[in-house]
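One structure is given below, encoded as structure tokens.
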């Protein structure tokens, strides 16, 4: 073997299969050795089907894209958007969803850069532990676990209510909850590949239905429905853009603003689940390329599905529409949907049955995704030293069965809805999960701020990332401030027109939970914040780490 002293390269001759001799270069220099190792690691990540701790990278780009597109389409959009119009008015509702959509889209770009940089099974808990400290990771993990854990019974109770549209026998509600709970548990136990295919089918159903409703709403607005050819156009935008009587506030301008602000929280609930694509990072095939594609389309998804849907509804309904107000007050089935209100007004009563069926599939899909996210979050917490080792146990098909079973144990909470009315329980659970999602989103953005600062300090080249967000860290800080403001003023309804302690608790009970999780673990572990120079960035792509300490500090 010949050695070139200046380049640190050994020229190693070897005999090929055909008997001829060839020469291969073998780098002796540590920098070249490590670079080659990283490049091989990146190549392996692109092709491997094995994940961390026995999980499987079995989610195809097709499935991940569908989860990203359809993951947020559910009861929040199909049912609760009507209440948003009643609160904020036509323009107020549209602006509320538009503003929240932009903020959440920016948050998703922060999340996208983080998960494309180092796609692991750890989820959001691992982001907090790596870029802030262990206590922050514990808080983020517990918050997200509580959020998705509560989402399981929330969606089950919603399913029971929706089925009552056809079966009015309330004694059957418990049966439906039990059946769908076992179906959800079974779908998560069959392996991530089959779980992904189920979500793909559910996503196709939701998207097809939503596109059909958008077209129907547009035709109805333009007076194209036979038997009801009444042109509406932008009439409601001109006559009643906002709700000047919201909560009985005397000042019309203040009432309009408070109504608009209340839409933001409702919009946040509608967008809940959009971050689910971040949870599949550890089980996606060729994750950097796959997730990059998913994140880059986030604004098209928000604008093309959510904002346009709300725009069409706002053009067809006034905030004081008697049928809309009656639907929001007296129903939790498909009759509550503003799409159904528009359909019945145009003589298409049968559409309510179709919408009800699709909303049931949407609710079940949301619960299915929540159970998946619950188990993977527990795996991430355990990797960071904050969970039991049994949460890392997986089946031969890569399913963390202990976490899945524990998440399913939240399901029986749905039976509580059978006592005082399913709609009240559904609203309470929805409010709690929505606010905790806001905390999670703000925490993700804060993790990104720390990540960006560490990249700058350690000389990591962000231009070599698979996905790089723009206007940072200003965009991340803007998201944090926006989410915190929505959380802070979410409880305004508790003070107007008089103090209501139940509304107050529902609005702010999530804040003590977050403080106890973060502060309690901080006191227990007494851990300090990870220094900017100590943040581990070695899991990034090889091209971005050239010239950093990770390329130099080698044995």
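In the UniProt record's numbering, the protein residues as written are 1 to 555.
Think of the CB as a built atom: it goes at the ideal place given N, C-alpha and C, for glycine as much as any other residue.
C-beta contact flag for residue i and residue j at 7 Å
i	j	result
residue 377	residue 125	yes
residue 504	residue 494	yes
residue 357	residue 159	no
residue 281	residue 59	no
residue 341	residue 324	yes
residue 299	residue 105	yes
residue 347	residue 221	no
residue 472	residue 452	yes
residue 63	residue 247	no
residue 270	residue 545	no
residue 191	residue 510	no
residue 556	residue 107	Residue 556 falls outside the range modelled here, since the chain spans only 1 to 555, and no answer is possible.
residue 244	residue 238	no
residue 448	residue 213	no
residue 310	residue 94	yes
residue 290	residue 61	yes
residue 295	residue 112	yes
Cβ-Cβ separation, residue j to residue i (assumed contact under 8 Å), whole Å
i	j	result
residue 198	residue 371	That pair is no contact at about 12 Å.
residue 557	residue 400	Any question about residue 557 goes unanswered here, given that the chain covers just 1 to 555.
residue 200	residue 436	Going by Cβ atoms, the distance from residue 200 to residue 436 rounds to 27 Å, so no, they are not a contact pair.
residue 110	residue 476	5 Å
residue 264	residue 439	About 15 Å separates the two Cβ atoms, so there is no contact after all.
residue 383	residue 122	5 Å
residue 480	residue 445	5 Å
residue 217	residue 313	7 Å
residue 267	residue 318	Contact flag wrong, Cβ pair sits at about 19 Å.
residue 530	residue 132	7 Å
residue 301	residue 68	7 Å
residue 82	residue 316	That belief does not hold up - the Cβ atoms of residue 82 and residue 316 are roughly 11 Å apart, past 8 Å.
residue 500	residue 130	The pair is not a contact, with the Cβ atoms about 41 Å apart (cut-off 8 Å).
residue 514	residue 189	About 31 Å separates the two Cβ atoms, so there is no contact after all.
residue 174	residue 416	No, residue 174 and residue 416 are not in contact; Cβ-Cβ is about 11 Å, not under 8 Å.
residue 272	residue 433	6 Å
Sequence-distant residues of its chain with Cβ nearer than 6 Å to residue i (five each side left out)
i	result
residue 140	124, 125, 128 and 443
residue 79	336 and 337
residue 360	159 and 162
residue 368	184 and 187
residue 343	351
residue 462	455 and 468
residue 207	70
residue 177	156, 160 and 414
residue 543	464
residue 538	550
residue 144	124, 377 and 440
Residues near residue i by beta carbon distance below 7 Å, same chain, minus five either side
i	result
residue 242	88, 89, 91, 92, 256, 259 and 260
residue 135	518, 521, 522, 525 and 527
residue 491	503, 504, 507 and 508
residue 548	458, 459 and 460
residue 231	222 and 223
residue 274	71, 72, 104 and 108
residue 85	93, 313, 314, 317, 319, 324 and 338
residue 205	358 and 361
residue 402	390, 391 and 393
residue 385	134
Contacts around residue i, its chain only, beta-carbon distance under 8 Å, and the 5 residues preceding and following it disregarded
i	result
residue 540	117, 118, 460 and 465
residue 149	370, 374, 407 and 410
residue 489	261
residue 202	70, 361, 362, 364, 365 and 368
residue 194	187
residue 478	103 and 106
residue 236	90, 314, 315, 316, 317 and 318
residue 219	225
residue 6	Low confidence applies to residue 6: its pLDDT is 41, below 50, so where it sits in the model is not reliable, and the reading given next is rough at best. Nothing meets the Cβ criterion.
(request) Can you check the region 388-467 for any alpha helix (DSSP H) of at least 4 residues that lies completely inside it and give the ranges in chain order? (result) 401-408, 417-420 and 422-458
(request) Decide yes or no for the touch test of the region 68-75 against the region 292-310: beta carbon pairs closer than 8 Å, at least 3 of them. (result) yes
(request) Please confirm if the region 401-409 is in contact with the region 154-168, defined as three or more CB-CB distances below 8 Å between the two stretches. (result) no
(request) Give, in chain order, every unbroken run of the alpha helix (DSSP H) that is at least 4 residues long and sits entirely within the region 142-222. (result) 173-189 and 192-221
(message) When you compare the region 167-184 with the region 383-392, are there three or more beta-carbon pairs, one atom per stretch, that lie closer than 8 Å?
(response) no
(message) For a minimum of 4 consecutive residues, which ranges assigned as the alpha helix (DSSP H) are wholly contained in the region 73-100?
(response) 75-78
(request) Enumerate, from N- to C-terminal direction, the unbroken alpha helix (DSSP H) stretches of 4 or more residues contained entirely within the region 301-336. (result) 308-316 and 322-330
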